[in-house]
Amino acid sequence: MRCTLCGGPQVHKSKGYGVISGRSRNRQRVAEGWVPHQSRRVAAQRARGVLRCAGLMALGLWPIMVQAAQPDVAERTHPHPHPHAHGRHNAGAHTAHHAGPPKAVEARSSTSVQVNAHRYDYMFQPAQHEPDATTHLTAELLRNRDITTLRGLEHVAPNLTMQSINGTASTNFYLRGSGFNDFTQNNMPTVLTYVDDVAYPYAAMTDGMMFDLASASVTPGPVGTEHGQSTTGGEVHLRTADPTDTWHFGASQDIASYARSRSEAYVSGPLAKGLDFRLAGQTRQGGGWQRDPENGDHLGDADLWALRGKLRWRPDDKTTIQLGGHFVQDNSEVVTPQAVHRIIGSTPLPDYGMGTDAQWSSNSTFDKLIGRRDGLKPSEHNQYWGADVHIVHDFGPVTFTSVSAFETERRGEYTDQDGTSRQEADTYRTIDGNVFTQEARLNGSALGGRLNWVVGGYYQRSQMNQRFFFNYTDYAARGYMMSTSFGQNQQSVSEFGHVSYRLPHNVTIWAGLLHELDDRSITGLTSQIFGGATHNFHAESTASNQFAGQVGVSWQFVPNAMLYYKMSKGFKPGGFTANNTQVQAQLDPFHPETVLTYELGFKSDPIPNRLRINGAAFYNDYHNQQVVGTVLIPDYGPLSEITNAPKSESWGFEATLEANPISRLHIMQNIGWQRGDFQNFPNVDRSATNAYYAKHGTWNAIERNFAGVDNGSPKLTLNGEAMWRQPLGKGYRLDFGPDWQYRGSQAIVVGGTGYQRLPSYFLLGAHVTFRPPSGKWEATLYARNILDKRYAESGGMATTTYFYVPGEPRFIGGRVSCGF
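For the record, in the sequence shown the residue sitting at position 515 is 510 according to the numbering used here, with numbers rising by one throughout.
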């Protein structure tokens, strides 16, 4: 039986609003009874971060501790799922202890919700037996909160920051303080994105992919010993709906302020015995809310369309082969920054206060140089396509899984980074890249399901050519246009293994190990000043050969509560900074990043179907953390570069609460708190260096060690919602309630203060949804940023200014959807 909320196998009765901490390995394709294990021990010297959570953990566990005298109850009640049946879930994949055929995420409708009168159990119940801090998100919750891009996930998960780069579709990730601003978009992100178990090493490749979803999840790192791509920060997983063996179709139309329109449709069904398909698409138009008060020009309209197709063949009850493909065309205009402080020069800056007013520039000579139409606005001109094949076969004792994928990107991105009508830091970037990945693994179980294991290998190859064009016409120190172009080749191969064993009294121990070899090189880099000199630089390469691993223990001491403790080493390869290169030394690679993470957590349902409290505390010990620093080029000025902080740390906690204080009211609240600092980080002090130039007119690098300086991450993040379900008689129902988000201040440069920090902000939203008894359609009215707050979503610095990228103003809209 299928859940009509998320489209997956109905391994739960749907509450409809379940955002809980659990493991992203449960991605609902094979969620029944499968729960992996990944934990590490908190060393005594790292205990300060964990101790801050002691009171919170006690709050979640005290109502059920009295049951701990019956340690075998959980084992008798839950002989399956085991918290450590390993293997990454793919199309049709199933766990080692399942003897039956695989089950897929078959969404009957991505837009309809079944209406019933009885109480619902909480979502993702099996994940309550998984020892991790993953946040699981239903498709319905994402719709209710108007989450349509990766960046929106920070509104529904704790300790997560996902921000646009200069207002574009390119995204930077920060999870538990781990992440960096990859402004050149040629390096592996600290937090990796997966779509249907396919890894996307360049996050922009997921642009336009968040439609026809079944579920999503966010997993803090380190990760990699249960599959082949190691990274330190964590993973974001998007699970799209799969083909169905009966005919279904549906559509939705969303219209909102500023003439914004978003449309989706899908059709799914059988083509022949054992052969099913699904085709889904979306379009996004309008919604631009910025205007230039000097000339009334308009900016920000979306212009995107996307298609996704899946074909699933099940020749027998032990084999599933699924072919998928997608295409995205994005010609949307972007949000342009607002300048908040001038670094160099004396020209006054416009003061628009993060409102809808903004300035941007256009230059016909520059437009001709980059091969675009005259009068070009800040915008995207991006095309993505890809294909993947998933193969799963159950041999009985073991299950074989293969995932093959090929992804491409063709991007053209124009941004006005100085945030003024002057041409001081206008940038156009082209990227032509592709990625091939192959994963193969075996997983199985023994000893009546007590022993579970997975072994496998992973291969990735990527190629990329980039070219940056810079317009510095109005920047007195340069006054020219220039370009930087380069190519990059990368290959990595890894082997991994993970094993867990369930001891008596519901205690489970586990260990995992990954070895990864990464080799990448940058070639053919040329820096050209148009009408001036051209510099050619020789190739650089970097290789890393590293191990990652994890050990942990969990205790399911009663059926509705567990404790876990895990320790892991994470690894992320090095790379290159490759924009605006002036000297060979800028191409020196930055080193691999490693982290030793300690985590202590709990899962609890103190009052089943009434109250759920999950929480985790963590401590991260970094070596060579990859961060954005500054290099001073003599007679040119300071430039950003990705470098390494030799020693740094972060610590904190996150918790999720779900409650039904009365029968029709559901409350969900996420809380994330984190701190971090650099323990050793010598680098150029950019503020002091700019101040010296402003006073003396010459460039002189002012060095300092940023030891003891805060890492700049938002210390407190809060998000949640309250929902009231009101029956209207004859099976009709009205669901309504508010939602909210708070994000603390964030530094945009190392050691940033004042204008170098994004101010904190609070956003309030609401929605009301009318549902008929058939569940075949629904109508929703919603509002985002009801208070019309002016806030900065992200920020940075250009050649002459610091800038903020403003967040969306108030949006009021309506959505009608149907599914049959």
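Heads up, the beta-carbon is just placed ideally off N, CA and C, and yes, glycines get one too.
T521: first and last residue of the uninterrupted beta strand (DSSP E) it sits in: Translated into the one-based positions of the sequence shown, residue 521 becomes position 526. If you look at T521, you'll find it in the beta strand (DSSP E) that goes V502 to I524.
For Q458 and Q378, believed in contact at Cβ under 8 Å, the rounded distance: Counting from 1 along the sequence shown, the entry for residue 378 is found at position 383. Counting from 1 along the sequence shown, the entry for residue 458 is found at position 463. Taking C-beta atoms under 8 Å as the contact rule, Q378 and Q458 fail to qualify, at a distance of about 16 Å.
Residue burial classification, N531 (beta-carbon count within 10 angstroms, cutoff 16): For the purposes of this step, residue 531 is taken as the residue at position 536 of the sequence shown. By the neighbour-count definition (other C-beta atoms within 10 Å, threshold 16), N531 is an exposed residue.
Secondary structure of T360, DSSP reduced to three states: Counted from its first residue, the sequence shown places residue 360 at position 365. Here T360 sits in helix by DSSP.
N-terminal and C-terminal residue of the beta strand (DSSP E) that E419 is part of: For the purposes of this step, residue 419 is taken as the residue at position 424 of the sequence shown. That residue, E419, is in no beta strand (DSSP E); it is neither H nor E in DSSP.
Beta strand (DSSP E) runs contained entirely in the stretch 252 to 299, provided each spans 3 or more residues: The DSSP assignment places complete beta strand (DSSP E) segments of no fewer than 3 residues inside the stretch 252 to 299 at 255 to 267 and 270 to 281, in order along the chain.
H92, DSSP secondary structure in three states: Locating residue 92 in the sequence shown gives position 97, counting from the first residue. Confidence at H92 is low in this model, with a pLDDT of 34, below 50, so its placement is unreliable and no value can be given for it.
Cβ-based burial, N540 [other Cβ within 10 Å; buried from 16]: Against the sequence shown, residue 540 aligns to sequence position 545. So N540 ends up on the exposed side.
D600 burial status per 10 Å Cβ neighbour count (16 or more: buried): Position 605 of the sequence shown, counted from the start, is the residue given in the question as residue 600. Around the Cβ of D600, a 10 Å sphere holds 16 or more other Cβ atoms; the residue is buried.
G809 to W772 span [Cα, whole Å]: Locating residue 809 in the sequence shown gives position 814, where the first residue counts as 1. Locating residue 772 in the sequence shown gives position 777, where the first residue counts as 1. Approximately 14 Å between the Cα atoms of the pair.
Residue closest to A611, alpha-carbon to alpha-carbon, out of H618, R605, F597 and N604: In the sequence shown, counting from the first residue as 1, residue 611 sits at position 616. Ranking the options by Cα distance to A611, first place goes to F597.
Local conformation of G814 per DSSP, three classes: The count along the sequence shown starts at 1 and reaches residue 814 at position 819. G814: strand per DSSP, three-state reduction.
V450 versus L627 - alpha carbon distance: As a first step, residue 450 is located in the sequence shown; it is residue number 455 there, counting from the start. As a first step, residue 627 is located in the sequence shown; it is residue number 632 there, counting from the start. Looking at the two C-alpha atoms, the distance is approximately 47 Å.
Which of helix, strand or coil DSSP assigns to A774: Here residue 774 refers to the residue found at position 779 when the sequence shown is read from its first residue. The answer is strand: DSSP assigns A774 an E or B state.
Residue nearest to S755 in terms of C-alpha spacing, selected from E788, K725 and K313: As a position in the sequence shown, residue 755 is number 760, starting the count at 1. Restricting attention to E788, K725 and K313, the CA atom closest to the CA of S755 is found in E788.
Per-residue burial, G817 [other beta carbons within 10 Å of its own, 16 or more giving buried]: Since the first and last residues shown for the chain are -4 and 815, residue 817 lies out of range.
Simplified DSSP state of G492, which is helix, strand or coil: Here residue 492 refers to the residue found at position 497 when the sequence shown is read from its first residue. If DSSP states are grouped into helix, strand and coil, G492 belongs with the strands.
Buried or exposed by the 16-neighbour rule on C-beta atoms within 10 Å, applied to K10: Mapped onto the sequence shown, residue 10 falls at position 15. Caution is warranted here: a pLDDT of 35 is assigned to K10, below 50, making its placement in the model unreliable, and the coordinate value is therefore given only provisionally. The residue in question, K10, is buried, as its Cβ has 16 or more Cβ neighbours within 10 Å.
N- and C-terminal bounds of the alpha helix (DSSP H) containing A134: Indexing the sequence shown from 1 puts residue 134 at position 139. Annotation: the continuous alpha helix (DSSP H) that includes A134 extends over A134 to N139.
Three CB pairs or more closer than 8 Å across the stretch 473 to 480 and the stretch 493 to 511: Counting Cβ pairs under 8 Å, fewer than three are found: no touch.
Meets three-Cβ-pair contact criterion under 8 Å: the stretch 335 to 353 and the stretch 788 to 808: Three or more beta-carbon pairs drawn from the stretch 335 to 353 and the stretch 788 to 808 are found closer than 8 Å, and the two stretches are therefore classed as touching.
Nearest-angstrom beta carbon gap, H762 and L776 [assumed within contact, 8 Å]: Position 781 of the sequence shown, counted from the start, is the residue given in the question as residue 776. Position 767 of the sequence shown, counted from the start, is the residue given in the question as residue 762. Rounded, the Cβ-Cβ distance is 7 Å, consistent with contact.
Y409 - partner residues in DSSP beta bridges: Position 414 of the sequence shown holds residue 409. Answer is S374 and Y423, bridged to Y409.
Same chain, Cβ closer than 6 Å to G739, five either side skipped, listed in chain order: Counting from 1 along the sequence shown, the entry for residue 739 is found at position 744. Around G739: P709, K710, L711 and S755.
Same chain, Cβ closer than 7 Å to D469, neighbours up to 5 away in sequence not counted: Within the sequence shown, the letter at position 474 stands for residue 469. Counting only Cβ-Cβ distances below 7 Å, and skipping sequence neighbours, we find R417, Q418 and E419.
8 Å Cβ cutoff met for A538 and F481: Walking along the sequence shown from the start, residue 538 turns up at place 543. Walking along the sequence shown from the start, residue 481 turns up at place 486. In this structure, F481 does not lie closer than 8 Å to A538 by Cβ.
Host beta strand (DSSP E) of N685 (start-end): Residue numbering aside, residue 685 sits at position 690 when the sequence shown is read from its first letter. First-last for N685: R681 to H691, but that is the alpha helix (DSSP H), not the beta strand (DSSP E).
Boundaries (first-last residue) of the beta strand (DSSP E) holding N675: Position 680 of the sequence shown, counted from the start, is the residue given in the question as residue 675. Taken as a continuous stretch (DSSP letters only), the beta strand (DSSP E) holding N675 covers L660 to N675.
With 16 other Cβ atoms within 10 Å as the buried cut-off, status of P343: Within the sequence shown, residue 343 is the residue found at index 348, counting from 1. Around the beta carbon of P343, fewer than 16 other beta carbons lie within 10 angstroms, which makes this residue exposed.
Segment contact flag, the stretch 259 to 267 with the stretch 185 to 199, C-beta cutoff 8 Å, min 3 pairs: Not touching, per the Cβ criterion.
Nearest neighbour of M792, chosen from N161, G519, L294 and S256 [CA to CA]: For the purposes of this step, residue 792 is identified with residue 797 of the sequence shown, where counting begins at 1. Comparing Cα positions, the closest option is N161.
Delimiting residues of the beta strand (DSSP E) encompassing K561: Walking along the sequence shown from the start, residue 561 turns up at place 566. Where K561 is concerned, the enclosing beta strand (DSSP E) starts and stops at A556 to K567.
Unbroken stretches of the beta strand (DSSP E), 3 residues or longer, contained in the stretch 701 to 757: 711 to 724 and 727 to 738, all fully within the stretch 701 to 757.
Host beta strand (DSSP E) of E230 (start-end): Working through the sequence shown from its first residue, we reach residue 230 at position 235. Annotation for E230: the continuous beta strand (DSSP E) segment containing it runs G229 to T235.
Inter-residue Cα distance where the pair is Q33 and H500: For this step, residue 33 is matched to residue 38 along the sequence shown. For this step, residue 500 is matched to residue 505 along the sequence shown. Note that Q33 has pLDDT 37, beneath the 50 cutoff, so the model's placement of it is unreliable and the number below is only indicative. Within the model, the alpha-carbon separation for Q33 versus H500 is close to 19 Å.
CB of T425 within 8 Å of CB of T410, strictly: Taking the sequence shown and counting its residues from 1, one reaches residue 425 at position 430. Taking the sequence shown and counting its residues from 1, one reaches residue 410 at position 415. At the C-beta level, T425 and T410 stay beyond 8 Å of one another.
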